[in-house]
Amino acid sequence: MTLGLGEAVERLCGTCSWQMPSDAPLVVFTRSVRNVLWAASYTGAAPSPDVDFTPSDEADAVAALAQGDYPPENEHDQAESDRYEHSRFIRERHYGHWRHLHSSMLETNSAVAAHPWLATWAKPIQNALTTAIESERRAFAALVRPDALLDSAAIHQLEAPSGLASGEGFAALGAQAALTLRRAWSDWADAAARSWLALEGDRSSASLVLYNAFGRRRKGRDEAYAALNELIESWYTEARSVVATYQKAPRRLIAVSVPPTSFDSYHGRIRDPLNQWEAGVLATYQVDANWPAGTVALLVPQLIAERLASDTDLAVSVTPLDTEETGLPLDALLVQLSRPADRQQQRTPG
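If you're matching positions, the sequence shown starts at 0 in numbering that gives the first Met the number 0 and goes up one per residue.
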């Protein structure tokens, strides 16, 4: 008896257990079919429960986060605090769902690569999943501020300040002052460079260093916090001065290979190799994408291109694109870069 692939898939359980190796051909094939079926479950007309927000909630979150991640310091209204908290929650949900959908897409691509005869059956599912991914990307990008991404990109060009402990406000720290403030700078710079928040959105990393240095002591603590806030404000100014020097620089066209999420069995949670800043850049500056292959084209400001090229701690790999030199459209270049031989020839933008 001969069955069509669609009918055969419907009869294939995909969850049964056999006493055979996990890499046995039948087990591998069953797993591949299951991964495509799971992807299909994310493509229905009904919104995912993870991102089932009303249009008014979405619009209000965009309006709130365009002003900042927290209410202005002179506003202490609880309703306004709740509004911003809900807006940040919506952003986190869109970000998480976008990344989850893309990881599911990469699994379908691996299934088709291992079993090419699944391609015709999987293609409409991948097309529908691409639509869902793009919808989530746009929703997430609307909740991220491009100016904040630029400010964060400038952090890596700042030099660690010297003479931090010379201010009178840190006298209570005594001999600890210099080391404490170096740590405060380092922790602040690391956190700010990895975040999609505006620079003013989170200074807790530096404040925590100061808190631990004082311990239970209270004498001089308020003066030290006030002096630290002044320092952090000066770091904001330096970062934005770097951004200003790049104001007229042309944008760069680059391709980025986007890694999937993974499940951390030890902690029992999903692990995303992208940091917040990387995710914000990918969502904000995308101009084309080959989601099954995990390759996207970005048109980014020069400052961000330099950060992507020089920061060895980032999870993405970068390749410069030149449509004029190759004579190929963006989608064709992305297909080229998705091939293993092309990936081995990747270069970072200079």
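Note that CB positions come from ideal geometry on N, CA and C, so glycine has one too.
Which residues in the same chain have their Cβ closer than 8 angstroms to the Cβ of residue i, if we skip the five residues on either side of it in sequence?
i, result
"residue 257", "101, 273, 281, 293, 294, 295 and 315"
"residue 312", "none"
"residue 135", "50, 93, 96, 97 and 100"
"residue 47", "41 and 96"
"residue 200", "67, 68, 69, 147 and 194"
"residue 346", "Low per-residue confidence applies at residue 346: pLDDT is 37, beneath 50, and the placement is therefore not dependable, though the value from the model is reported in the following sentence. Excluding positions up to five away in sequence, the list reads 318 and 319."
"residue 218", "171"
To the nearest angstrom, how far is it from the Cα of residue i to the Cα of residue j?
i, j, result
"residue 147", "residue 298", "17 angstroms"
"residue 229", "residue 42", "50 angstroms"
"residue 319", "residue 215", "53 angstroms"
"residue 193", "residue 237", "17 angstroms"
"residue 80", "residue 71", "10 angstroms"
"residue 261", "residue 55", "33 angstroms"
"residue 77", "residue 60", "16 angstroms"
"residue 24", "residue 288", "32 angstroms"
"residue 317", "residue 128", "24 angstroms"
"residue 291", "residue 158", "40 angstroms"
"residue 117", "residue 137", "30 angstroms"
"residue 206", "residue 225", "10 angstroms"
"residue 68", "residue 321", "36 angstroms"
"residue 57", "residue 246", "31 angstroms"
"residue 105", "residue 132", "12 angstroms"
"residue 259", "residue 149", "25 angstroms"
"residue 112", "residue 233", "52 angstroms"
"residue 82", "residue 250", "35 angstroms"
"residue 167", "residue 310", "35 angstroms"
"residue 130", "residue 243", "36 angstroms"
"residue 266", "residue 248", "44 angstroms"
"residue 188", "residue 126", "40 angstroms"
"residue 283", "residue 174", "45 angstroms"
"residue 235", "residue 275", "19 angstroms"
"residue 30", "residue 88", "33 angstroms"
"residue 75", "residue 231", "23 angstroms"
So residue i and residue j are in contact, right, with Cβ under 8 angstroms, and what is the actual spacing, rounded?
i, j, result
"residue 202", "residue 213", "That belief does not hold up - the Cβ atoms of residue 202 and residue 213 are roughly 16 angstroms apart, past 8 angstroms."
"residue 139", "residue 93", "4 angstroms"
"residue 197", "residue 144", "6 angstroms"
"residue 408", "residue 161", "The question about residue 408 has no answer, for the chain in this structure spans 0 to 349."
"residue 121", "residue 35", "5 angstroms"
"residue 39", "residue 124", "5 angstroms"
"residue 110", "residue 154", "Not confirmed; about 40 angstroms, so no contact."
"residue 103", "residue 37", "6 angstroms"
With a 10 Å radius around its C-beta and 16 neighbouring C-beta atoms as the bar for buried, classify residue i as buried or exposed.
i, result
"residue 108", "buried"
"residue 350", "Since the displayed the chain opens at 0 and closes at 349, residue 350 lies outside it and no answer follows."
"residue 300", "buried"
"residue 32", "buried"
"residue 271", "buried"
"residue 353", "With the chain covering only 0 through 349, there is no way to say anything about residue 353."
"residue 210", "exposed"
"residue 53", "exposed"
"residue 254", "buried"
"residue 269", "exposed"
"residue 263", "exposed"
"residue 286", "exposed"
"residue 90", "buried"
"residue 119", "exposed"
Looking only at its own chain, which residues have a Cβ that is under 7 angstroms from the Cβ of residue i, when we skip the five neighbours before and after it?
i, result
"residue 152", "302, 303 and 306"
"residue 172", "179, 212 and 223"
"residue 28", "114"
"residue 359", "The chain is shown from 0 up to 349; residue 359 falls before or after that span and cannot be answered."
Ordered along the chain, which non-local residues of its own chain (more than five positions away) have a Cβ less than 6 angstroms from that of residue i?
i, result
"residue 64", "86 and 142"
"residue 181", "none"
"residue 252", "298 and 320"
"residue 227", "209"
"residue 279", "143, 148 and 195"
"residue 383", "In the structure displayed, the chain extends from 0 to 349; residue 383 sits before or after that span and is not available."
Counting only beta-carbon separations shorter than 7 angstroms, does residue i have a partner in chain B?
i, result
"residue 121", "Here there is only one protein chain, and chain B is not present."
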